[in-house]
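In UniProt numbering, the protein residues as written are 1 to 154. Let me begin by presenting the structure, written as structure tokens, before commenting on it.
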Amino acid sequence: MGVVEFELARVVHAPIGDVFDRLADIEGHSDWMPKRGSIHRTSKKTSPGPVGVGTTYVDRTSVGSMPGDVVEFERPTRLVYHWWDRSKGGRLKAEGWPGYRLEAKGDHTTIVHHHARVETHGLHHLATPVYSWLARRERTATVEALQASFHPHD
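Next up, the structure:
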């Protein structure tokens, strides 16, 4: 197995609850995620009810569809998603845990601590450097798009 793990931090000029709600709105991700420089195309919630631990979703990306679920949900400070990618035969190729820890700095400023972990399985561990590059690029684009979504004219 190969493992990629890293953290990013960004300041978002918005209240912590607003930032959390934007991150937790699975189907709303398409509204603010980057249109260029990202593999993300759309996200769709696949389970009923409000988003919380156990909520399922599917991300459609330029490299295929990836199902996932919410594994941590502590409004307004902690949110962790889990996604996985399987071969056509059902073998696990890779899985990831993009997570967010939010810290309020005053009424209108939030520090977003983004932690990402990716594990490659089986022969896909040989592709760990590619997954590392792609994950860093994708996760950086995501937090920068989140930040920009609260400042569309900056």
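Glycine included, each C-beta is placed from N, C-alpha and C at the ideal position. This structure is a prediction, so every number in the text was calculated from the model and none was measured.
- Message: When you measure from the CB of Val112 to every non-hydrogen atom of the ligand MG, does any distance come out below 7 Å?
- Response: Of the ligands one can find in the structure shown there are none, so the ligand MG has no counterpart to examine.
- Mind checking Gly99: buried by the 16 CB within 10 Å criterion, or exposed? That one is buried.
- Message: So if DSSP puts Val3 in a beta bridge, which residue, or which two residues, is it bridged to?
- Response: Beta-bridge pairing links Val3 to Glu119.
- What are the start and end residues of the beta strand (DSSP E) that includes Arg78? For Arg78, the enclosing beta strand (DSSP E) begins and ends at Arg78 to Arg86.
- Query: Since Thr61 is in the alpha helix (DSSP H), which residue starts that stretch and which ends it?
  - Reply: First-last for Thr61: Thr56 to Thr61, but that is the beta strand (DSSP E), not the alpha helix (DSSP H).
- Message: Pull the bridge partners of Asp69 from the DSSP assignment, please.
- Response: The bridge partners DSSP lists for Asp69 are Thr56 and His82.
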